[in-house]
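Input: a single structure, listed below in structure tokens.
Numbering (my numbering), first residue to last: 2 to 271.
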């Protein structure tokens, strides 16, 4: 049996759609009533470890989608509870959606690396999908204002962004073929690095790119009502892109998909 956690999240929803016709798959979420799906749904709440024993019962392959919405200690506690419960339930293989290696400069990298180490030290087989940052995230961070200006503090930096749908396709394939990927780490970054100027050009001649400073961005994000932990996450993401640490492209995604990845630029604009 396959269990997909985080089934109400953006990535989990796409993966659930791809597995909807299978009779060996169940979905896990903290609020099952949110899901409209033909698949069975179990309550799986990483913040309530008591739900995990029953949630993981009978599961052979666990697709553990990162529960990264929170401070580092919160995320590590969630992932630790999930791995502990999976071991106790007899799960054979965990596929984990992690963060690209180049993302070590990002403020939210630590829980991913901690979880990778915890899985590697576990009694289970594991596969790590080091996902690049979503093209859709870049599109949101660098969306034009009403007067046609992109002001995200990306400098001249570029991001090897990935369409979320491609990461869903890759995770689905690896989960279904889990034994063939045991002990492997896949670096799933894009094949095209894009930046603020590229986005402005793609939007058309009415859009310009004039990046603000990180301090200006921090003030703007905080004033928009972001949670306290979200401010350094968003600003730190822009900082890492601007510094040139997120532009390295790769071919693992194409090899897993068996086709060319979707256009990151098109996904960002969508």
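From the three backbone atoms N, C-alpha and C, an ideal C-beta is built for every residue, glycine too.
Considering only C-alpha positions, which residue in the set the options is nearest to residue i?
i	options	result
residue 132	119, 151, 160, 197	160
residue 237	14, 90, 154, 129	154
residue 175	226, 256, 221, 190	256
residue 107	43, 246, 57, 28	246
residue 121	81, 170, 150, 140	81
residue 271	52, 203, 224	203
residue 91	74, 103, 3	3
residue 152	28, 234, 210	210
residue 177	74, 64, 73	64
residue 239	26, 96, 216	216
residue 36	263, 5, 50, 25	5
residue 187	75, 34, 38, 96	96
residue 264	235, 75, 232, 166	166
residue 218	119, 205, 235, 228	235
residue 233	162, 110, 27	110
Cβ of residue i within 8 Å of Cβ of residue j?
i	j	result
residue 66	residue 173	no
residue 89	residue 54	yes
residue 179	residue 94	yes
residue 62	residue 52	no
residue 230	residue 59	no
residue 11	residue 47	no
residue 194	residue 123	no
residue 196	residue 158	yes
residue 39	residue 164	no
For residue i, which of helix, strand or coil comes out of DSSP?
i	result
residue 142	helix
residue 6	coil
residue 259	coil
residue 15	helix
residue 182	helix
residue 116	helix
residue 94	strand
residue 64	strand
residue 188	strand
residue 232	helix
residue 30	strand
residue 249	coil
residue 219	helix
residue 103	helix
residue 126	strand
residue 155	coil
residue 45	coil
residue 36	coil
On the premise that residue j lies in contact with residue i, defined as a C-beta separation below 8 Å, what is that separation, rounded to the nearest angstrom?
i	j	result
residue 208	residue 201	5 Å
residue 189	residue 253	6 Å
residue 23	residue 170	The pair is not a contact, with the Cβ atoms about 15 Å apart (cut-off 8 Å).
residue 99	residue 130	6 Å
residue 136	residue 268	4 Å
residue 250	residue 192	5 Å
residue 86	residue 7	That pair is no contact at about 15 Å.
residue 32	residue 9	7 Å
residue 112	residue 77	5 Å
residue 128	residue 185	6 Å
How would you label residue i, buried or exposed, when you count the other beta carbons within 10 angstroms and need 16 or more for buried?
i	result
residue 146	exposed
residue 43	buried
residue 148	exposed
residue 212	buried
residue 103	buried
residue 141	exposed
residue 183	exposed
residue 243	buried
residue 56	buried
residue 214	exposed
residue 21	exposed
residue 29	buried
Give a yes or no on whether the minimum CB-CB distance between residue i and chain C is below 8 Å.
i	result
residue 60	Among the chains of the structure shown, chain C does not appear; only one protein chain is present.
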